[in-house]
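Protein chains: 2
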Amino acid sequence: MTPDEFRALGYKIIDWIAEYRETVEPRRVMSHEAPGAVRAKLPASAPEEPEPFERILADFERIVVPGITHWNHPSFFAYFPSNTSLSAVLGDLLASGLGVQCMSWQTSPAGTELEEAVMDWLRQMLGLSESFRGCIQDTSSNATFVAMLCARERATDDARLSGGLQSIAAPLTVYTSEQAHSSVEKAVLLAGIGQEQFRTIETDGQYAMRVDALRARLEEDVRAGKKPCAIVATVGTTATTASDPLVPIAKLAREYGAWLHVDAAMAGIAMIAPECREHWTGIEEVDSIAVDPHKWLGTGMHLSAYYVRDASYLTRVMSTQPHYLRTAADDKVTNFRDWGISLGRRFRALKLWCLLREQGTSGLVARIRRDLANAKWLEAEVRKTEGWEVVAPVPFQTVCVRHVPRGLRDEEAINAHNLAWADRINEGGKAYLTSTVVAGRRIVRVSVGSEATELSHVKKLWALMQETAGT
Amino acid sequence: MTPDEFRALGYKIIDWIAEYRETVEPRRVMSHEAPGAVRAKLPASAPEEPEPFERILADFERIVVPGITHWNHPSFFAYFPSNTSLSAVLGDLLASGLGVQCMSWQTSPAGTELEEAVMDWLRQMLGLSESFRGCIQDTSSNATFVAMLCARERATDDARLSGGLQSIAAPLTVYTSEQAHSSVEKAVLLAGIGQEQFRTIETDGQYAMRVDALRARLEEDVRAGKKPCAIVATVGTTATTASDPLVPIAKLAREYGAWLHVDAAMAGIAMIAPECREHWTGIEEVDSIAVDPHKWLGTGMHLSAYYVRDASYLTRVMSTQPHYLRTAADDKVTNFRDWGISLGRRFRALKLWCLLREQGTSGLVARIRRDLANAKWLEAEVRKTEGWEVVAPVPFQTVCVRHVPRGLRDEEAINAHNLAWADRINEGGKAYLTSTVVAGRRIVRVSVGSEATELSHVKKLWALMQETAGT
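Residue numbers (numbering that gives the first Met the number 0), protein chains in the order written: chain E, 0 to 470; chain U, 0 to 470.
The following block contains the structure:
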């Protein structure tokens, strides 16, 4: 492809994206394709001869787009958002165009220094002190895993440099709440710690970790000769956006010498609005934090911010210094290759830089507040409507609801009913929301926070929910 | 940003990229910025108010671009390439525009099924049998780590589900060659296996793993009560692109029950040219393979292809099934969230799809063959020039050289001389190459394979090398 061909095609794709964003609302939110339908339209092998790009674009529209579930749709209320703001699309395009690999400072100084700068900008926006330094990880699951590996090494005095986890006498234990994200258990298992040493602590009526239960479990384990290695607290759980009480948990972490990691993947972004920071009081006492700008903020995948109190510890665990990677600048600069698992690094800071500047902190805070208010509006409507329940506090932008038809008392039937109406909404294509099970009850999560979602969309959703659930 | 503003800015950025690619050649390859220079030009905090995007673009040119080391420059001969072909730039732009999150089939069926399709297309191009299934990982370091975690779990009968690596009686051991990439040792250490159980096997005169030494080490370890868990073989090492002999290594892996992972991050792509496949004879006998389309092939970061013989084993180790991630389609579809560490997944298959179709397999094979021939040309020139040595076989596109000035016999002085002339070339900005140390000797690697590199650029580099080294 010549640069001139690229120009013409690039304009077309820019136009397509602009039009897509303008016309996303009438589209079905959740794709209606059957399993295998997309694959059946694709050839079995790559073409031998080059194809005109126009044909690829036509196939993109014909084959790919019908198989898309539209995460940037204003009626996307499922999971948590994965917003990709248009300014971030442009920033990411610049990164693709440059095509640089930012593993080391020398392999593109601007790649490293812009990442340092925007991670520090975001730190300030989140209200974190200068004792935290940040880097970009691909996802929070990955960041949590990195935290778990660091915790394991700290608890074993760097056993990786000798006999490894295989040589440890007192088994390491890890603690999190029963409401923690599945990536915590995955990280513990992948770190080699083993399910038998993984503790899921009970939660209170608000789905926050019970500190008394945590303390009891720590005491019990230490008495049994085990060694607490890490505690993972959550600010904004996946099911109900509950937050664990960081102050007493941090106190226990210090007392027992455990690493304290905070998974604030979704709700961390709310902290750019200072009034939300009560939900992570105590954050200054933790060892590491994961917050995802690629969720609510709008950078698009993969941009998870990982903040650590002691970066030198992180780099000791993650660094390798083979001859072919050493550069003359190494002792004067940051080499982000030593801050995570992967060596190769795309220039991801660019899209965050573009987003932060194009929106300004005031613009981003205003959008977060809009979503918080919209969620509050929905909460109030649900609360005052007969047959409907708000089943968990609404500290952020997710409203967990349940509909109990008049006269229905059987819990299983109520669960089935709630799963059914949510599925009917999703199948209908006018909105997309996901359900989960909390304390044995099927609940439906309304996660407000797609960039395009205004109050009008939440109102339409609420009408659809009532109509579909049959009230 | 409105869609209309996005259109106008998008065109500008498309133009900028086209012009950048047209004008990259006169630019310095390696950035000349001093440590801290980029950061010093950036404000200390994010702006409160939105800024016009034109100002961001102006800063991009003024602050970012001078801090870029140009990986897509025709005189980029450092490390291994990280090509981002223009068709892949467009494919990635489509992915950003859609902004979907492909963790599960349901969250965008086309995301999953296109990935299945292109991973299968690439499998065929690489000459691998249908017994392999592929998925996208961000990098080969990550893929190697995933392989190591699977190997550990297979060797311990899924100890993660009970006491973990902490409960294992016979220590697990892992084997690779002393020429293996640093990510192998990192993976072993992060997997908790410990440096004391990590074996770096000697290599032969061609830098390939010595099978007799591997066998001896395996026997010794088993006699000492240890349990061989994994062998990592390399096809195309980082220093010299040497390949380990897979047939006898696979035989040993079977005999000792060890997982055999092949790191073919760079050289794996050469296998799309059938005449190169002699270098991985035996590949059908291995458990997993990592090959990076984001290096030589041209997709841009992050697109590493990870092929496994037993995908069900991979998903058993990596899967989690919390309520909030379950979908009705789960038993009928592939959920790539269960194929790696990270949950969230960008729609990366699109850029590979665009690249494969726009180039056709014939176009891609022709480019790979061009680079192989250019490396052969350089090898021949170096061999016939007095004072110059080719210090390793040239099976692929990397030529490892050394210059020994007449009369210089002291090894340390020769090493210093070679480091010095390579640094002088890099500082001069006309080309970029990296050096390493092999068998105690400083060598300079000329890695041919940037998409823009023609024979003329290799000729210019060779003239520059001779001039700079002072012949």
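Where a beta carbon is used, it is the ideal one built from N, C-alpha and C, also for glycine.
Between I135 (chain E) and A304 (chain E), the CB-CB gap stays under 8 Å.
L89 (chain E) and A17 (chain U) have their C-alpha atoms some 15 Å from each other.
The Cβ of S242 (chain U) sits no closer than 8 Å to any Cβ of chain E. Taking a cut-off of 8 Å for Cβ pairs, the stretch 89-106 of chain U and the stretch 447-458 of chain U do not touch, as fewer than three such pairs fall below it.
Using beta-carbon distances, Q465 (chain E) does not count as an interface residue toward chain U, since no partner is under 8 Å. Against chain E, a Cβ distance below 9 Å from G362 (chain U) picks out E48 and P49. Annotation: Cβ neighbours of F52 (chain E) in chain U (cutoff 9 Å, chain order): S86, L89, C353, R356 and E357. Within chain E, I340 have C-beta atoms less than 8 Å from the C-beta of F144 (chain U), given in sequence order. Under the 8 Å criterion on CB atoms, G98 (chain U) is classed as interfacial with respect to chain E. With contact defined as three or more Cβ pairs closer than 8 Å, the stretch 421-436 of chain U and the stretch 329-336 of chain E are not in contact. For L217 (chain E) and A229 (chain E), the gap between their C-alpha atoms comes out near 11 Å. R6 (chain E): member of the alpha helix (DSSP H) spanning P2 to E21, first to last residue.
For V117 (chain U), the uninterrupted alpha helix (DSSP H) run begins and ends at P108 to M124, by DSSP. The C-beta separation of A264 (chain U) from K294 (chain U) comes to about 7 Å, placing the pair in contact by the 8 Å criterion. Considering only U:D14, U:T202, U:N82 and U:I282, the residue with the shortest C-alpha distance to G126 (chain U) is U:I282. Membership of S446 (chain U) in any alpha helix (DSSP H) is not indicated; the residue belongs instead to the beta strand (DSSP E) covering R440 to S446.
Using a CB distance cut-off of 8 Å, T452 (chain U) does not count as an interface residue toward chain E. Assigned with DSSP and collapsed to three states, V63 (chain U) falls in helix. In this structure, the CA atom of D337 (chain U) is about 39 Å from the CA atom of D203 (chain U).
A residue is called buried when at least 16 other Cβ atoms come within 10 angstroms of its Cβ; P273 (chain E) does not meet this threshold and is exposed.
Per DSSP, F131 (chain U) lies in no alpha helix (DSSP H) and is assigned neither H nor E. Nearest to E177 (chain E) by alpha-carbon distance, out of E:L93, E:T237 and E:T298, is E:T237. Taking a Cβ-Cβ cut-off of 7 Å, the neighbours of V436 (chain E) in chain U comprise H322, given in sequence order.
Taken atom to atom, the span from the alpha-carbon of P46 (chain E) to that of E129 (chain U) is near 18 Å. Between the alpha carbons of L85 (chain E) and D119 (chain U) lies a distance of about 32 Å.
Counting other Cβ atoms within 10 Å of its Cβ, L407 (chain U) stays below 16 and is therefore classed as exposed.
Within chain E, the residues placing a beta-carbon under 7 Å from that of T83 (chain U) are S95 and G98, ordered along the chain. Residues of the stretch 107-132 of chain U with a C-beta less than 7 Å from any C-beta of chain E: S107, P108, A109, E112, L113, E115, A116, W120, Q123 and M124, listed in chain order.
Per DSSP, the unbroken alpha helix (DSSP H) holding R369 (chain U) starts and ends at A348 to R382. Here L363 (chain E) has I271 and L296 as same chain residues with Cβ atoms under 7 Å from its own Cβ, once five neighbours each way along the sequence are excluded. Nearest Cα to F197 (chain U) within the set U:M208, U:V210, U:R214 and U:P170: U:P170. In this chain, the alpha helix (DSSP H) harbouring A412 (chain E) covers E410 to G427.
Legend: CB atoms of the stretch 51-72 of chain U lying less than 9 Å from CB atoms of chain E belong to residues P51, F52, R54, I55, L56, D58, F59, I62, V63, V64, P65, G66, I67, T68, H69, W70 and N71. For H72 (chain E), there is no enclosing alpha helix (DSSP H), as DSSP marks it with neither H nor E. According to the DSSP secondary-structure assignment, E388 (chain E) is paired through a beta bridge with E:R401.
Counting only runs that start and end inside the stretch 26-52 of chain E, the alpha helix (DSSP H) elements of at least 4 residues fall at 36-39.
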